[in-house]
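Each residue of the sequence shown is one higher than the last, beginning at 24 in our numbering. Even glycine gets a Cβ: it sits at the ideal position worked out from N, Cα and C. Since the model is a prediction, treat every value here as computed from it, not as a measurement. Structure, as structure tokens:
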Amino acid sequence: MRKIIFTVTNDLTYDQRMQRICTTLANAGYAVTLIGFLKNRSVRTDDRNFEQVRLKVFFKKGKLFFIEYNMKLFFWLLFKRFDIYCGIDLDTLIPVFINAKLKGKPNVYDAHEYYTELPEIVDRPLIKKIWLLVEKTLLPRIKYNYTVGNTIADILSKKYKRDYVVIRNVPVLKDNATVTDKENSIIYQGALNKGRGIENLMLAMKDVDATLYIAGQGDLSIKLRTMANSLDHKDKIRFLGYVRPEELKQYTNKAKIGVNLVENMGLSYYYSLSNKFFDYIHAGIPQVTMNFPEYAGLNTAFNVAVLIDDLVPETINNAINRLLNDEVLYHQLQLNTQKAKTELNWQQEEKKLIQFYKTIE
């Protein structure tokens, strides 16, 4: 039985992509380990068919976190043996790459983001230069690669002359019927971080006859709650905080509209393909999302969303109200989600994932 290690810098409980990947490969006969770090608010991980490890760190964010976590990860890996070493994004790749080389084992790179174009990097020239150096040093030397969308795959493939397989971040297709008795609510799920358009979404709710549920936490959690409390329409906005995946599905399934907003703050966001886009499809709800390449391409194929070109509150408001008030449009998009989810689901993607790992020598 071949042993695979996956390394991340987040809380294992809420990383649905990694939960799916690890479960699939364990079911396919691999001995899988997923390692992340222990956060202050980490909850106990569910029993799974793969091993889950959390490293304790003193620093929880910033440069010191990165240095501490990567050092601890390096030495943890040094005294373990695996057959395949997979680093998730550049921020875990250095210790993974070194350990794979030291032990003569294959290294895999899973790019969840176009890392050097993340908003927290693009506006910091020195930091970006460092990460570009890491990218240019390591990626040409890694034979086995995959990522979340076609655009990022094309960019990295052309840049570093390596093949990138696309494994989309999509939910498992379930037989559950779509909830037809929808609540008059709007759901935003995801990190509460810079560039997600949440401030303008809250402003847009002023003239929307519905309740907005915001599920997630992040760097802006306190700021956004403070802002919401200052608004005249604060009763329309509810913060759910961190919600475990199964509970989140219940909120999403009952909602009438999903919202997926991203500010163009770098190519990583512009070429992004968020898991929430697919979560809304599987919940059978039309959505408001960005007119960015990946979303526009899929919407051309399946027509499940109203696309917007900017994050001006009036633009967001008009898109939401269009879905709330145009019953013909709403039901057509809702019907289209049923076809879309039969093609955009994990049962389809996991076939590519299993085949990918079979090719690793």
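With burial defined as no fewer than 16 other Cβ atoms inside 10 Å of the residue's Cβ, what is the status of residue i: buried or exposed?
i, result
"Glu158", "buried"
"His305", "buried"
"Gly85", "exposed"
"Asn223", "buried"
"Gly172", "buried"
"Glu373", "buried"
"Ala251", "buried"
"Phe60", "buried"
"Ile153", "exposed"
"Leu334", "buried"
"Asn168", "buried"
"Phe82", "exposed"
"Asp349", "exposed"
"Thr382", "exposed"
"Arg267", "exposed"
"Asn340", "buried"
"Phe29", "buried"
"Glu337", "exposed"
"Leu35", "buried"
"Glu366", "exposed"
For the alpha helix (DSSP H) that residue i lies in, which residues bound it at each end?
i, result
"Glu337", "336-348"
"Asp302", "298-306"
"Ser291", "290-293"
"Lys272", "268-277"
"Arg43", "39-50"
"Met313", "Here Met313 belongs to no alpha helix (DSSP H); instead the beta strand (DSSP E) covers 310-313."
"Asn122", "116-125"
"Thr382", "Unbroken run through Thr382: none, as it is neither H nor E."
"Ile165", "From DSSP, Ile165 is part of no alpha helix (DSSP H); its letter is neither H nor E."
"Asn223", "221-227"
"Tyr183", "173-183"
"Ile111", "Here Ile111 belongs to no alpha helix (DSSP H); instead the beta strand (DSSP E) covers 107-111."
"Gly241", "Here Gly241 belongs to no alpha helix (DSSP H), and DSSP marks it neither H nor E."
"Glu143", "142-145"
Grab me the residues of residue i's own chain with a C-beta within less than 8 Å of its C-beta, minus the 5 sequence neighbours each way, in chain order.
i, result
"Asn50", "Asn72"
"His256", "Met228, Lys229"
"Asn322", "Thr312, Ala328, Leu330"
"Leu247", "Leu215, Ile221, Glu222, Met225, Ile237, Phe262"
"Arg345", "Val329, Leu352"
"Leu48", "Ile27, Val55, Phe73, Leu376, Ile377, Tyr380"
Take residue i and list the residues in its own chain whose beta-carbon comes closer than 7 Å to its own, dropping the five residues that flank it on each side.
i, result
"Gly218", "Pro142, Val285, Glu286, Met288, Tyr292"
"Glu140", "Gly289, Leu290, Ser291"
"Tyr92", "Thr32, Phe60, Leu78, Val80"
"Ile150", "Ile144"
"Phe89", "Asp114"
Measuring alpha carbon to alpha carbon, tell me which residue in the options is nearest residue i.
i, options, result
"Arg104", "Lys126, Met94, Lys182", "Lys126"
"Asn216", "Thr56, Arg77, Ile245, Val131", "Ile245"
"Ile175", "Leu296, Ile144, Ile28", "Leu296"
"Met24", "Ile107, Asn314, Asp69", "Ile107"
"Glu270", "Phe29, Tyr37, Val31", "Tyr37"
"Phe301", "Tyr132, Leu78, Pro194, Glu74", "Pro194"
"Met41", "Glu384, Ile383, Leu376", "Leu376"
"Asp112", "Tyr92, Arg147, Val31", "Val31"
"Val188", "Glu384, Glu350, His135", "His135"
"Glu384", "Thr365, Thr170, Val131, Leu254", "Val131"
"Leu100", "Ala342, Ile90, Ile121", "Ile121"
"Cys109", "Leu87, Lys128, Ser180", "Lys128"
"Gln371", "Ala342, Leu87, Ile190, Asn276", "Ile190"
"Asp258", "Tyr274, Thr275, Asp232", "Asp232"
"Gln273", "Ala342, Ser208, Phe102", "Ser208"
"Thr275", "Cys45, Phe102, Thr234", "Thr234"
Go to residue i, then tell me how far its beta strand (DSSP E) extends in each direction, as first and last residue.
i, result
"Thr56", "54-61"
"Val327", "Element bounds for Val327: n/a, residue is neither H nor E."
"Glu133", "Reading off the sequence, residue 133 comes out as Asp, not Glu. Counting along the chain, the beta strand (DSSP E) containing Asp133 begins and ends at 130-134."
"Asn72", "Taken as a continuous stretch (DSSP letters only), Asn72 belongs to no beta strand (DSSP E), as it is neither H nor E."
"Tyr236", "234-238"
"Ile260", "260-264"
"Val31", "It is not in any beta strand (DSSP E) - Val31 carries neither H nor E in the DSSP assignment."
"Gly281", "280-283"
"Glu209", "The sequence given here places Ile at residue 209; Glu does not occur at that position. 208-212 is the span of the beta strand (DSSP E), which, as asked, contains Ile209."
Apart from the five residues on each side of it in sequence, which residues of its chain come closer than 6 Å, Cβ to Cβ, to residue i?
i, result
"Gly281", "Ile210, Tyr303, Ile308, Gln310"
"Lys299", "Gln212, Gly213, Asn283"
"Lys205", "Lys279"
"Arg43", "Trp369"
"Phe325", "Asn359, Ala363"
"Phe97", "Pro118"
"Val76", "Ile58"
"Tyr138", "Asp112, Leu113"
"Tyr53", "Arg25, Ile27"
"Leu13", "For residue 13 there is no data in the structure shown, the boundaries of the chain being 24 and 384."
"Ile165", "Asn130, Tyr132"
(request) Decide if the region 108-116 is in contact with the region 154-169; the criterion is three or more beta carbon pairs, one per stretch, under 8 Å apart. (result) yes
(request) For the region 231-240 and the region 258-270, state whether three or more C-beta atom pairs, one from each stretch, are separated by less than 8 Å. (result) yes
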